[in-house]
Each structure stands twice: as C-alpha cells, then as structure tokens.
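Student:
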Amino acid sequence: MTYSYHLNTRAVNSVTAYAPNTNVQCPDLSTSSLIRHFTPQNQTLHPAENAYITTRANTTILAAWKDWLGDGSSLGYNLTTYTGPFPKIGIAVPGGGLRAAQYGASSLLALDSRNESSKAAGTGGLLQVTSYMSGLSGGSWLTGSLLFNNWPKTDDLVFGDGGDLNGWLLDLPFVTPDGENLLSDKNQAFFGSILWSVIAKANQGIDTSLTDVWSRMISYHFLNQTSRSNFFTNDSGHGAGQLWSQIPQIPAYQSHSIPFPIVVADSRPVGSNSTTILSLDSVVYEITPLEIASYDPFLSSGMNLTYAGTNLSNGKSSNGSSCTTGFDQAGFVMGSSASLFNQILDFGQNTLSQFSKSDSTGLLYLLSRQLAEVRTRANDVANWPNPFQALAVESFQDTNASWLELIDGASNSENIPFGPLFVNARNLDVIVTLEGSADDPVNNWPNGSSLIASSLRQTMFLQKSHQKFPPIPATPDDFIATGVNARPTFFGCDPLPSDNYPMIIYLPNAPPINGDNPVTNTPTFQLSYSLYHMHLFFDQVYSNTVSGFTPNTNTPDQNWGKCLQCAAFDRARQKAAVGIPRSAFCSQCFQQYCYNPQKPSIKSELPNRKLVFVDPDPQGISQLELFFGENKFKLIGGLVGLVILVGVLSCGIFFFKKYYAKRKSLSYQRLQHPPSPLIFEEFPENPYSESFKMHKYPSQGTML
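Under full-length UniProt numbering, the final residue of the sequence shown carries the number 704; numbering is consecutive throughout.
1) Can you check whether the CB of A425 is closer than 8 Å to the CB of T44?
2) Let me check one thing: in DSSP terms, what residues is E394 bridge-paired to?
3) Between G335 and the rest of its own chain, which residues show a CB-CB distance below 6 Å, the 5 nearest in sequence each way excluded?
4) Is G97 closer than 8 Å to Q540 when the C-beta atoms are compared?
5) In chain order, what residues of the same chain have a beta carbon less than 7 Å from the beta carbon of G237, not counting five sequence neighbours either side?
6) Residue ranges of each alpha helix (DSSP H) run of no fewer than 4 residues wholly in the segment 539-587, ordered along the chain?
7) Which value, in whole angstroms, describes the spacing of the CA atoms of L496 and L611?
8) By a C-beta neighbour count over all protein chains shown, 10 Å radius and 16 as the cutoff for buried, is D408 buried or exposed?
9) In whole angstroms, what separates the C-alpha of G271 from that of A390?
10) Tell me the DSSP secondary structure of S118 in three-state form.
11) Does R268 come out as helix, strand or coil in the three-state DSSP assignment?
12) In chain order, what residues of the same chain lie with their CB nearer than 8 Å to the CB of H466, ignoring the 5 residues before and after it?
13) Name the DSSP beta bridge partners of Q25, please?
14) Which of helix, strand or coil does DSSP assign to P677?
15) Assess, as a yes-or-no matter, whether the segment 343-350 is touched by the segment 50-63 under the definition of 3 or more beta carbon pairs within less than 8 Å.
16) If you follow the beta strand (DSSP E) that F491 is in, where does it begin and where does it stop?
17) Going by other Cβ atoms of all chains shown within 10 Å of its Cβ, with 16 needed for buried, is A572 buried or exposed?
18) Assuming P248 and P289 make a contact with CB atoms under 8 Å, what is their CB distance in whole Å?
19) In angstroms with no decimal places, state the Cα-to-Cα distance between S255 and S106.
20) Measuring CB to CB, does residue 709 end up less than 8 Å from G124?
21) Below 8 Å on the Cβ atoms is my guess for V432 versus P502; work out the distance and round it to an integer in Å.
22) DSSP three-state label for Y103, please.
23) Determine contact between the segment 189-198 and the segment 357-370, defined as no fewer than three beta-carbon pairs at a distance below 8 Å.
24) Quick one, which of S498, C493, G483, V24 has its alpha-carbon nearest A510's?
25) With distances taken from CA atoms, which of T522, L280, Q329, Q204 is nearest V374?
26) Do M460 and P259 come within 8 Å of each other at the CB atom, strictly closer than that value?
27) Does DSSP put V519 in a helix, in a strand, or in coil?
28) Taking W141 as the reference, which of T310, A330, I250, P473 has the closest Cα?
29) If you compare alpha carbons, which of A200, S358, D161, A100 is closest to A19?
30) For the segment 470-486 and the segment 52-72, state whether three or more C-beta atom pairs, one from each stretch, are separated by less than 8 Å.
31) Compare the beta carbon distance of S413 and I277 with 8 Å and say whether it is the shorter of the two.
32) Counting only runs of 3+ residues fully inside the segment 416-449, write out the beta strand (DSSP E) ranges in chain order.
33) In terms of residues, what are the limits of the beta strand (DSSP E) holding R36?
34) Could you check if I504 is buried or exposed, using at least 16 other CB atoms within 10 Å of its CB as the buried criterion?
35) For a minimum of 3 consecutive residues, which ranges assigned as the beta strand (DSSP E) are wholly contained in the segment 454-508?
36) Near N166, which residues of its chain fall below 6 Å by C-beta distance, leaving aside the five closest residues on each side in sequence?
Here it is, written out as structure tokens:
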C-alpha cells in the first residue's frame with residue numbers, strides 16, 4: 001500500500017510546499033543541541049539510529065534469518081539451536097541515473113523473500129536480513145522511492161500495481177515529458193509547475209540552483225503523488241512537502257521491517273568553483289532520516305536533519321533563535337546526491353554536455369527562466385546552508401563558509417556508497433553491492449574503478465574512522481582479466497584475525513549468462529525508457545541475480561541461492577564464541593565465488609557473453625509510446641473516421657466499376673448489332689443522364 005505524507009501543516013498538495021519554513025523558533029539549544037560531535041577514535045551513532053538497528057536486529061531480522069536459512073542443514077550446518085549473533089549486513093546501491101535505479105530495483109526483487117520465485121531460488125531473503133541500505137545518485141532515487149511508497153516490492157514500485165502505485169513512468173522523459181517541443185502546452189505546464197516550486201523556495205530567502213529544478217523532476221517519477229493522468233496538472237504537489245526527516249513516521253519504518261536508509265553526497269570546497277573530479281580528501285556527507293553528517297575524520301559531526309537549512313556557527317543559529325524547517329525535501333535530498341552539473345555545465349557558453357540535445361536544451365531553458373525570476377548562488381551545485389561553520393577549524397575544508405556546495409556522490413570517483421557502510425561504529429560484517437556502474441566508456445559495464453577508489457580513500461584518509469577494505473584486484477584491467485567484474489564475486493572471504501574488514505558480496509551488472517543480447521548497459525544520461533525496454537531490463541537483471549554462474553558454461557548455478565546464504569552467514573561462523581568450521585558445501589561455494597589474490601580466476605570462464613548493447617526498440621518505440629499514449633483518443637477517432645471514409649470510397653469504386661463495365665458492354669454490343677429502339681419504363685430519357693441511372697431498366701438482352 002502506498003503511504004503519502006500529510007504530516008506537516010503546509011498544503012502538501014501544492015507544488016509550493018517545496019518552500020522551507022523560515023523564522024521557525026529553534027529548540028532550546030541549552031538542552032537540545034542541533035549538532036552532534038564525535039571523534040574518529042570514539043565514534044558514536046545517533047541514538048535513534050542505534051535504537052532502530054538494535055530493535056530491528058532483535059525482532060524482524062532474527063525471524064528473517066530463521067526464515068531464510070531454516071535449520072541450516074542445506075548448507076551443512078545445524079542451526080536449530082543457534083540464536084546469534086547473526087552478521088550485520090548492508091546493501092549499497094551505486095549511481096548511474098536511471099540505469100542504476102533500475103538495476104538496483106531489479107536486483108532487490110531477486111533478494112526479496114516477498115517474491116515467491118526469488119524465495120524459491122534461495123536468493124530471496126537477503127533483503128529481509130539487511131540492517132542498512134545506502135544509495136548514491138541513481139541509487140538514492142531507488143532508496144527514496146522505496147521509502148516514500150512504504151517499501152513495496154520493486155516490480156510493483158517500478159511498473160505500478162494497478163492500485164496505489166503508479167510506477168516510475170520512465171517512458172515520459174525527465175526533462176521534456178511531452179516531447180522535444182519546449183513550447184507545447186503540456187511541456188509549458190510542466191515547466192511552470194517546476195519553476196513555481198523553485199520560486200516559492202527562493203521567496204523564503206533560500207538560494208536555489210539548477211539542482212532544485214532537477215530535484216523537482218526526480219520527484220515526479222520517484223515519489224508518490226504523480227500518475228500518468230495528473231502528470232501535467234497541479235492536482236497534487238508531485239512530492240513537494242515530503243521530507244526526509246519524516247521517514248521515521250512511515251509504517252514500514254515504524255515496524256522496523258526495512259533497512260536503515262542512508263544517502264551519500266560529495267562536497268565541492270566552497271570557492272574552488274571546481275569543474276573536475278574531486279580529490280579523495282574532499283568531505284563526503286551522508287543524509288539519514290535523522291541527520292546530515294560526515295564520519296570523515298576531517299569533520300566528525302552531524303546536524304539534526306529537521307532543522308537543515310539553518311545557518312549555524314559553532315552550533316548556534318546565525319539568526320538568533322530563528323531556525324529553518326522543511327528544507328530537507330525528499331526530492332532535494334535525492335537531487336543533491338545526483339547533482340552532477342559542476343562537471344558538465346558551462347555557464348559562460350550556455351552549454352550542458354553529456355545530456356541529449358533535447359534534455360540539455362530543456363534544462364538550459366529552465367535555468368534561464370529561473371535566473372530571470374530568482375537569486376541563485378552556485379548554479380551547478382546543491383546549495384545547503386552550512387550547519388558546521390566554525391567547527392573542526394584545523395581540518396574541515398568549509399569551516400569558514402556560510403554555505404555547503406553538495407554535488408553528486410560519485411564526484412570523487414566513488415560511485416558505490418561504501419563510506420557509510422564502512423564506518424567503524426556501524427561494524428558491518430557483510431556489504432552487498434548492487435553494482436550498476438558504467439565504468440567502461442565503450443560498453444557501459446562496471447570495471448571495478450569505484451571499488452579501487454574507495455579502497456584508496458580508506459587507506460589514505462579513513463584508517464582511524466572506517467574499517468579496512470578487503471583485498472580486490474589492483475586495477476580495472478585486473479578486474480576485467482579475472483572476470484570478477486562480470487559475475488557474482490565474494491571479496492574478503494578469509495580475513496586474518498588481525499584484519500577488520502567486512503566481506504563484500506559483489507553483484508555487478510553483466511551480460512546475460514545465456515548469451516542473449518544485453519539491454520542493461522545503457523548510458524547514465526539516458527533519461528527515458530520505453531516500457532518494453534524497462535521490462536526486458538528488469539528480466540535480464542533479475543535472471544542474472546538469481547542464477548549465479550557456472551564456470552565455462554552458459555547455464556545457471558543450481559546452488560547459487562545456497563552459496564549466497566553461505567556468504568551472508570559466514571562472518572557469524574567466524575565470530576561465534578565456539579568456533580564453527582566452514583561446511584564442506586560452503587567451502588565448495590567459496591572456491592567458486594571467492595576472489596583469491598593468490599589464485600585469481602580468468603575471464604575465459606565466462607564464455608559467449610555479449611558485451612555490445614542492443615537497443616530493444618531501435619525504431620524509437622519510446623517516442624511512439626509517448627505519442628500514442630497521449631493521443632490515443634484522437635487516434636481512435638481518426639481511425640474510425642478513416643475506416644468510414646475507406647468504406648465509402650470502396651463502395652463508390654465498386655459501383656463505378658460496375659457501371660463502367662455495363663457501359664463498355666453496351667457500347668461493344670451496339671457496334672456488333674444494328675440499332676434498335678430503347679425501351680423505357682416510364683418516359684424516354686437519355687440513357688447517360690443522371691435520372692436514367694436512378695431507375696431500373698430491362699436487361700441489355702431485351703434492349704437489343
């Protein structure tokens with residue numbers, strides 16, 4: 001069932017609910033600080049996060065483990081009396097626009113025990129035992145969409161369920177949903193609604209940017225107030241007024257039935273105006289339902305998310321006792337994590353690279369109209385008032401800045417949101433990576449670049465604050481040569497007692513194992529998909545995720561579901577008070593799926609995999625779907641009219657041919673026989689006149 005927020009006092013059915021509330025009375029800072037401090041050596045979690053994780057572990061997760069593993073006999077263990085501890089698991093959903101969102105969604109369906117075929121395959125159940133889920137850019141869109149629709153199965157979320165869920169509507173392009181004509185009535189209505197939201201925010205004294213426009217577009221597809229029938233209307237707020245800090249009030253969260261959600265965004269040092277990839281020492285932020293924080297040792301602080309948008313200096317409001325609420329719009333949080341404009345927007349030349357011509361033209365058109373109406377700050381970032389001003393003065397890059405410039409979470413080359421899941425205080429045992437990156441610039445497959453960047457960042461800057469990274473191939477070429485970029489792989493299977501790293505279960509976007517043409521390796525900047533393509537995409541990813549791989553064949557591994565269970569449970573075996581040896585069955589699984597730096601696999605074990613994307617609708621089916629969907633009643637009426645016209649013309653041609661044949665026969669017979677008097681029933685008349693043709697006359701035989 002869909003769950004829409006109607007919790008704040010503003011009218012959430014208005015697009016103007018995107019505007020924050022300013023001049024709100026701050027809480028008593030003498031008893032309730034808005035800032036939470038910690039150190040890398042003495043990290044603490046937000047108390048409400050810790051309470052959620054503990055309660056979930058002791059209730060829903062404990063039961064979910066029992067449901068997934070049963071008595072353990074199929075894995076070679078006896079778990080009939082085992083009560084824990086069970087491993088603490090996180091899921092990371094990387095960036096990559098709509099490709100990453102769809103990849104994450106279809107992978108999650110394969111891990112969801114609510115889907116009967118997933119449960120039968122043995123993979124369904126992993127989602128239910130997960131404690132954390134982090135999303136970045138396109139991965140944050142999936143995360144937010146799940147949350148603000150009360151965590152349904154992802155097939156219903158993406159395609160709709162015929163009831164409350166309307167689906168993602170990805171056949172309606174993000175920027176120009178009515179087609180390339182910017183001035184069409186529907187596009188103008190859509191643009192007007194988006195600008196109305198952004199102007200309402202600006203009128204509250206909050207500086208905006210192109211990211212606000214982008215955020216509102218995201219909301220139309222991934223939040224819960226938009227349908228195909230109201231897309232171009234203001235009958236709803238289209239997600240305006242839905243706040244990230246209100247996630248704890250949704251039923252799925254209150255029942256502790258979902259992972260604790262985290263969204264990642266990078267930050268560009270204020271004043272740098274950088275238009276290139278960030279260095280690895282730039283501060284990375286995480287946004288939870290409770291706070292915006294950074295566990296990087298450069299900052300080590302968090303701020304109460306309810307009051308995000310408030311300028312603080314040394315923890316106190318810069319405007320006396322006045323605070324801001326409602327800044328943490330769900331769309332803006334997802335938009336901040338996906339704010340990729342700093343590397344592609346050339347404001348001086350009025351160009352926006354990477355996007356299609358239609359999308360870039362539409363975005364630049366909206367930016368020009370936005371700039372004509374409101375004051376902006378940096379146009380190519382997400383502008384957040386800085387709550388950490390005057391903190392960590394010796395190490396924090398923006399300690400003197402009044403604003404933060406948040407940008408796409410992959411801007412420092414970390415396209416997988418690993419950071420929050422490696423935080424020492426969270427102490428995760430397993431991290432499942434739904435790897436939908438497109439590192440390969442030719443064919444858009446992952447090649448391990450993001451894992452390498454995260455491993456390097458943690459080694460260089462995060463040794464005090466984060467767990468170590470498990471052993472992985474050293475270069476993208478090594479990832480490809482070993483084949484681990486194209487099949488399920490377990491990294492970190494056999495840590496030494498002195499090692500403190502989680503196991504990574506790596507599930508990469510890869511060509512279909514059966515040798516079919518791939519349809520999932522699409523460009524990051526593709527902003528629309530036909531429904532046909534979406535279904536094929538979902539089917540291919542789901543099939544790969546439940547299949548595992550069998551070396552040197554194109555057939556699924558019948559034991560893959562159980563092998564996945566072996567990997568998820570293995571850290572519990574290692575940490576048990578009384579050591580539990582790895583079972584023979586699980587040992588066999590690990591030989592097949594674990595990355596062994598001393599004896600790496602080779603990519604030739606994956607034969608007949610097709611790498612080149614094959615467009616499932618090369619004739620522009622998505623555009624045709626859009627056209628037919630919007631004009632179906634006109635087309636039906638036109639088709640009916642055409643059928644009638646064809647019928648009339650056919651009858652006319654038939655009778656004309658019949659009459660012409662008679663005339664031709666008559667002329668021929670008159671030439672062969674002597675003339676005879678014509679016989680008329682009523683009056684003599686020219687046989688070629690119109691009145692003659694209207695009457696019946698004796699046959700030609702009697703006339704001659």
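Glycine included, C-beta positions come from ideal geometry on N, C-alpha and C.
Tutor: Concretely, from the data shown:
1) By 1-based counting over the sequence shown, the position of residue 44 is 44. By 1-based counting over the sequence shown, the position of residue 425 is 425. Cβ distance < 8 Å, so T44 and A425 count as in contact.
2) For the purposes of this step, residue 394 is taken as the residue at position 394 of the sequence shown. Paired residues: none, contrary to the question.
3) Position 335 of the sequence shown holds residue 335. So the qualifying residues of the chain are T211, W214, S215, I218.
4) The residue given as residue 540 occupies position 540 in the sequence shown. The residue given as residue 97 occupies position 97 in the sequence shown. Cβ atoms of Q540 and G97: not closer than 8 Å.
5) Within the sequence shown, numbered from 1, the residue matching residue 237 stands at position 237. Around G237: V12, N13, S14, V15, A17, Q225.
6) 560-575
7) For this step, residue 496 is matched to residue 496 along the sequence shown. For this step, residue 611 is matched to residue 611 along the sequence shown. About 37 Å.
8) Taking the first residue of the sequence shown as 1, we reach residue 408 at position 408. Under this definition D408 is a buried residue.
9) As a working mapping, residue 271 is identified with position 271 in the sequence shown. As a working mapping, residue 390 is identified with position 390 in the sequence shown. One C-alpha to the other measures close to 16 Å.
10) Here residue 118 is taken as the residue at index 118 of the sequence shown, counted from 1. Reduced to three states, the DSSP call for S118 is helix.
11) Translated into the one-based positions of the sequence shown, residue 268 becomes position 268. Correct three-state label for R268: strand.
12) Position 466 of the sequence shown holds residue 466. Counting only Cβ-Cβ distances below 8 Å, and skipping sequence neighbours, we find Y295, G419, F422, V423, N424, Q458.
13) Position 25 of the sequence shown, counted from the start, is the residue given in the question as residue 25. Per DSSP, S322.
14) Stepping through the sequence shown from its first residue, residue 677 is reached at position 677. Low local confidence applies: a pLDDT of 35 at P677 is under 50, so the model's placement there is unreliable, and no value is given.
15) no
16) As a working note, residue 491 is residue 491 in the sequence shown. Per DSSP, F491 belongs to the beta strand (DSSP E) from 489-491.
17) Position 572 of the sequence shown holds residue 572. With 16 or more other Cβ atoms within 10 Å, it is buried.
18) Translated into positions along the sequence shown, residue 248 becomes position 248. Translated into positions along the sequence shown, residue 289 becomes position 289. Confirmed, Cβ separation roughly 5 Å.
19) Along the sequence shown, read from residue 1 onward, the residue named residue 255 stands at position 255. Along the sequence shown, read from residue 1 onward, the residue named residue 106 stands at position 106. So the two alpha carbons sit approximately 24 Å from each other.
20) Because the chain in this structure spans residues 1 to 704, residue 709 falls outside the shown range and cannot be described.
21) On the sequence shown, residue 432 is found 432 positions in, with the first residue counted as 1. On the sequence shown, residue 502 is found 502 positions in, with the first residue counted as 1. In fact, because the Cβ distance is near 10 Å, the residues do not count as touching under 8 Å.
22) The residue you call residue 103 lines up with position 103 of the sequence shown. Y103: helix per DSSP, three-state reduction.
23) yes
24) On the sequence shown, position 510 is the one that residue 510 refers to. The candidate whose alpha carbon is nearest that of A510 is G483.
25) Position 374 of the sequence shown holds residue 374. Nearest C-alpha to V374: Q204.
26) As a working note, residue 259 is residue 259 in the sequence shown. As a working note, residue 460 is residue 460 in the sequence shown. No, Cβ-Cβ distance for P259 and M460 is not below 8 Å.
27) Here residue 519 corresponds to residue number 519 of the sequence shown, with the count starting at 1. Residue state, collapsed to three classes: coil.
28) Taking the sequence shown and counting its residues from 1, the one referred to as residue 141 is at position 141. W141 has its Cα closest to that of A330, out of T310, A330, I250, P473.
29) For the purposes of this step, residue 19 is taken as residue 19 along the sequence shown, with counting starting at 1. Minimum Cα distance to A19 is reached at A200.
30) no
31) Numbered from 1 along the sequence shown, position 413 holds the residue referred to as residue 413. Numbered from 1 along the sequence shown, position 277 holds the residue referred to as residue 277. Closer than 8 Å, so yes.
32) 430-435
33) Counted from its first residue, the sequence shown places residue 36 at position 36. Counting along the chain, the beta strand (DSSP E) containing R36 begins and ends at 35-37.
34) The sequence position of residue 504 within the sequence shown is 504, counting from 1. When all chains shown are included, I504 counts as buried.
35) 489-491, 503-508
36) For the purposes of this step, residue 166 is identified with residue 166 of the sequence shown, where counting begins at 1. Excluding sequence neighbours, N166 sits near G160, S227.
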